[in-house]
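Chains A, B and C, in that order, give the protein sequences. Once you know that position 165 of the first sequence is 165 in the numbering used here, the rest is easy, because the numbers rise by one and skip nothing. Once you know that position 58 of the second sequence is 1058 in the numbering used here, the rest is easy, because the numbers rise by one and skip nothing. Once you know that position 191 of the third sequence is 2191 in the numbering used here, the rest is easy, because the numbers rise by one and skip nothing. So the structure is just underneath, and the comments pick up after that.
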Amino acid sequence: MTAVVNQLPIGLSIAAVLLLVALGLTVTFGQMGVINMAHGEFIMAGAYTAFLLGDLLLALPAAFVVAGLMGLALERGAIRHFYGRPLDTLLLTWGVSLVLQQLARDLFGAPNVQVPAPSWLSGGIGILPYNRLFIMALAVAGVAGIWLYLTRTRLGRRTQAVVQNRRLAATSGIDPGRVDMLTFFIGSGLAGLAGVALTLIGPVGPALGTYYIVDAFLVVVAGGLGQLRGAVLAAVGLGLLNSYAEFWSDASLAKVLVFAAVIGFLQVRPQGLVALRSRALT
Amino acid sequence: MIKRNLPFAAIAVIALVAAPLLLEPFRLSLLAKYLCYAIVALGIGLAWGQGGMLTLGQGVFFGLGGYAMAMYLKLSESGGGLPDFMVWSGVEELPALWAPFANPVFALTMAVAGPVLLAVVLGTLVFRQRVRGAYFAILTQALAAAMVILLVGQQGLTGGTNGMTNFFELFGADLADDSTQRVLYLVVAGVLGVLYLATRQLVNSRFGRLLVAVRDGEDRVRFLGYDPALVKTVTFAVSAGLAGLAGALFVPVVGIISPALLGVVPSLELVVAVAVGGRQVLAGAVLGAVVMGYAQTTFSEQFANGWLYLQGALFILVMTLAPKGIAGILGRLRRARTA
Amino acid sequence: MRTPRALVSALLLTTLAACGSPPSGSGSSADAQDEIKVGVLHSLSGTMAISEVTVRDAELLAIEEINQAGGVLGKKLVPVVEDGASDWPTFAEKATKLIRQDKVATVFGGWTSASRKAMLPVFERYKSLLWYPVQYEGLESSPNIFYTGATTNQQIIPGLDYLKEQGKKKIFLVGSDYVFPRTANKIIKAYAAANGMQVLGEEYTPLGHTEYSTLVNKVVQAGPDAVFNTLNGDSNVAFFKQLKSAGVSAEAMPVLSVSVAEEEVKGIGVDNIAGHPVAWNYYQTTDTPANQAFVKAFKAAYGEDKVTSDPMQAGYNAVHLWAEAVKKAGTTEVEAVKKAAGGIALERPEGLVTIDGENQHLYKTARIGVIRPDGLIEQVWDSGEPIKPDPYLKGYSWAGGLAEE
């Protein structure tokens, strides 16, 4: 019985991982409609930053900046030419992700590298180790930070204005190009944070991004385009589903069930859990 | 009409006559492999280029076709006994799912009907709900990911990660024999030619124009009284059928089918090939598949690590500088010359 | 829809280009008199590159050594290196290319079972020869393959013997979802039933899986004496990290791994895996004169920080064993080499190995090691003498029914 009860916090900790990897995507995909397939490689960049610095706390801000700058470069260099063409961006960023993976292989070597976990994270409460609690705390902090940013700061409100009506925002004196840059910087930076956190529980290697990218997209799609609330709910739902499905069957079946659940769910609510109402025609 | 079909005829002659004469058997079967991919690309060109549906799960349909064919080949060789991988996996009697695949007609029908059916179900569900664009792309990608996990997990039924390999004969002909491979090449090339003409006919028909209209303004088409979901589902099903048939041809040519061939990455690679060739015209899709297949073989023979860079870079370049792909560049060159 | 004429010309050109395949290697070169081409086929890109690149390095080192010593039959060995790209059909394609176009005398290559299964029909079809250097799940004995890694009775069964000697009665099986773990676990269950051991659970995760909290929960709740681990690649990193942070120690619940060697320890993090046992036939620390020379030569060629592992050593051995067989046969002709190979015995880094002419596997000494805090592996147990290879486990009464053909 304890095992069944244990699955609840485990589900929540899986949810935290999902949320963390998807958080940056809800910002870039949700706010800007850009499908960034290189998001996984920004996560990888964050993890390698932690490897280079060798210190977790130091790595968090550093990874945010490193991944953020990579995102910025990508946005300025390529993506900005593709606004309004999400499918083309998807393929373009996939090309970028291929190049980044191979680059990591050439820079750091193909084998996984080791990022030592800080000693203050060894141990735990009940079934949850401290490093899982740390990831959960980081996810909560990330959500809170984004929420505060979007609703409580000038820049954030400008971002929302651009998302809701780009032209109107531009005529009111907001520079949409700068808002795009900033949004992409933040979204990619969040991927960097996720990368640092993932070094605590998983491998750090060139393939790191590929392990999380599909799950991250599922969370965003199930949650509803760009809806922070939706992403949180979707992550928790998928985390718990994954945890209990794996507990009662096995890991392979649990994964397939999660896919099936998302596809099925979109039948009921094609716009995701929390939909932005719009009267716009295509 | 005759003039328009002249280039096609020229290519057909080269592909059907010159290539088998000039190429070493090993290279010829590689070309046959590229042509199998070209059939899948044709479907992607139709669904994405004409219909605007970016399908990132074409590998699933390709795989279904391939597995159907592989099941037939395995059964025809074991003569009703258990296929080799089932013995290793500890399966004691033939699963009921397998039994009908001993019949080649059933297997070949399923290779096409299976993918079509899946696409119809998926398309009906998805397009009715007006899921489109990026959502559709991600859903099909998730489908590819789920399919791989499913196939790998059912080792006794599918051969797991290994997939199925070690085929000896097809309809009594020795698959190892160079002349069999030559015939197979001719079959693949012929099928591709016929399918290309048929697809082109479809695109030029009323249906094709409706499809383009749906791509460019789905709601407007709906207001005109058409059902965009139906148009899209039919197109998606056709492209799935093409992929399934390609998979069925691929297995005897290459001699293996495994989950690695139908996952997220190979599905995306085919889309990349179509984009590089030029998605606006069907011939561009075919060209892209052959060019990228050839480039991959050549590059990996020269320098292994370079291929990923090249593939990525090529793709970034094509998307940013020449969104219409090679076909677009060539078209522009020609216009510049005639102008 | 109109097809631009230029596009047509492009199609023509590609078709022709495909016809005029790259000139390199087609046909035999003029100086073929004094050289022998051998194929080296491993994944140099993709997920498996992590493991296979080092095996290629070891094989190239062996080829270099043989050339330094004057070659084989007075001819120099020329390696033709191809990339399997971690993709099984590519392995089959490149094997065909090596055999048919480059006309190599033999091929050293492969790592995953899937890549071997994909290449097998190619080597049988063209009556060529493959040397496969990795431990595997047995139940195979192709006349065109030499297996220089362990089969199950040289790794899995000794691992179980070790656990039994340590008094571990209740075990839990954890593996990646593919052929090797599933076959290994079938053998383990049969062994357990015959030896009074109890299997508390059997879990598989997809390849590349990284979320192990649920699985760790299941294992901890079952409370086994030991875990038998057949996870592959990156999954090991996630599993050991998450096991460690769940507070499971190597003393309380040792995890015996059969796919973790010196190479992988670094990526997992020594802290996370130190003290856990592994089962192989060779470690960098194995104390033989041949090994001292091998480790020294390898570090000299590829860098002081490099480690050597069992599959690398098996690949290195494969080249030397083949050269020995060619010398004995006096030709590189496949049938003659096969005939000459049987019974060849050499002192290798792992100790004495002998080729079993019947099933083309090697007699090998099984060794259990424990991972040290410095990342190397220290031997704690061995089988005393080389074990006769038995890929179909015919010599084990409890294994009846596991291995019918």
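Built from N, CA and C at the ideal position, the CB exists for glycine as well.
About 6 Å separates the beta carbons of Phe1236 (chain B) and Ala1047 (chain B), which is inside the 8 Å limit, making them a contact pair.
In this structure, Ser1239 (chain B) lies near Ile1044 (chain B), with their beta-carbon atoms less than 8 Å apart. With a threshold of 8 Å between beta carbons, Gln267 (chain A) makes contact with chain B.
Between Ala1137 (chain B) and Val214 (chain A), the C-beta spacing is not below 8 Å. Within chain B, Ala1260 have C-beta atoms less than 7 Å from the C-beta of Asp2087 (chain C), given in sequence order. Per the DSSP secondary-structure output, Gln2379 (chain C) pairs in a beta bridge with C:Gly2369. For Gln1141 (chain B), no Cβ of chain C is located within less than 8 Å of the residue's own Cβ.
Annotated three-state conformation of Pro1095 (chain B) is coil, per DSSP. Closest by C-alpha distance to Ser2142 (chain C), out of C:Gly2369, C:Gln2360, C:Ser2043, is C:Gln2360.
Along the segment 2132-2147 of chain C, going in chain order, the ones with a CB nearer than 7 Å to a CB of chain B are Leu2139.
By the CB criterion at 8 Å, Thr2183 (chain C) and Glu2251 (chain C) fall outside the cutoff.
For the pair Leu1075 (chain B) and Trp1098 (chain B), the CB atoms are nearer than the 8 Å cut-off. Under the Cβ distance rule, Ser1300 (chain B) counts among the residues neighbouring chain C, one pair being separated by less than 8 Å. Comparing alpha-carbon positions, the option among C:Ala2323, C:Tyr2126, C:Glu2264 lying closest to Pro203 (chain A) turns out to be C:Glu2264. Listed along chain C, no residue sits closer than 9 Å to Ile43 (chain A) by beta-carbon distance, the nearest being about 12 Å off. In this structure, DSSP gives Lys2299 (chain C) a helical state, which the three-state scheme calls helix.
Phe1223 (chain B) counts as exposed, since fewer than 16 other C-beta atoms from the protein chains shown sit within 10 angstroms of its C-beta. For Pro1323 (chain B), the residues of chain A that pass the 8 Å Cβ criterion are Asp88, in the order they occur in the chain. Chain-ordered, the chain B residues with CB closer than 9 Å to the CB of Pro2206 (chain C) read Val1148, Ile1149, Val1152, Gly1153. Contact holds between the segment 1253-1270 of chain B and the segment 2086-2098 of chain C, because three or more Cβ pairs, one in each stretch, are under 8 Å apart.
The three-state secondary structure of Arg1279 (chain B), taken from DSSP, is coil. At a cut-off of 8 Å between beta carbons, Leu1054 (chain B) contacts chain A.
Shortest Cα-Cα distance from Lys2127 (chain C) to any of C:Asn2144, C:Gly2233, C:Gln2284 involves C:Asn2144. Under the three-state reduction of DSSP output, Lys2169 (chain C) falls in the coil class, being neither helix nor strand. Per DSSP, the unbroken alpha helix (DSSP H) holding Ala2062 (chain C) starts and ends at 2049-2068. With a cutoff of 8 Å on beta-carbon distance, Leu1035 (chain B) and Pro1115 (chain B) are scored as not near each other. Secondary-structure assignment with DSSP links Leu193 (chain A) through no beta bridge to anything.
For Ala1198 (chain B), the nearest beta carbon of chain C is not closer than 8 Å to its own beta carbon. Unbroken alpha helix (DSSP H) runs of no fewer than 4 residues, entirely contained in the segment 153-222 of chain A, are found at 154-164, 166-171, 176-198, following chain order. Comparing alpha carbon positions, the residue from C:Gly2351, C:Phe2123, C:Val2122, C:Arg2100 closest to Trp2280 (chain C) is C:Gly2351.
In summary, the residues of the segment 2183-2214 of chain C whose CB is separated from some CB of chain B by less than 9 Å are Thr2183, Lys2186, Tyr2204, Pro2206, Leu2207, in the order they occur in the chain. Within the same chain, Gly156 come within 7 Å of Tyr149 (chain A) by CB-CB distance, once the 5 residues on both sides are set aside.
Contact between the segment 1246-1254 of chain B and the segment 1116-1128 of chain B is absent: fewer than three C-beta pairs spanning the two stretches fall below 8 Å. Checking the DSSP bridge columns, you'll see Val2227 (chain C) partnered with C:Phe2172, C:Val2255. Under the Cβ distance rule, Ser2309 (chain C) does not count among the residues neighbouring chain A, no pair being separated by less than 8 Å. By the C-beta criterion, the segment 51-60 of chain A is judged not to be in contact with the segment 1277-1289 of chain B, since fewer than 3 inter-stretch pairs fall below 8 Å.
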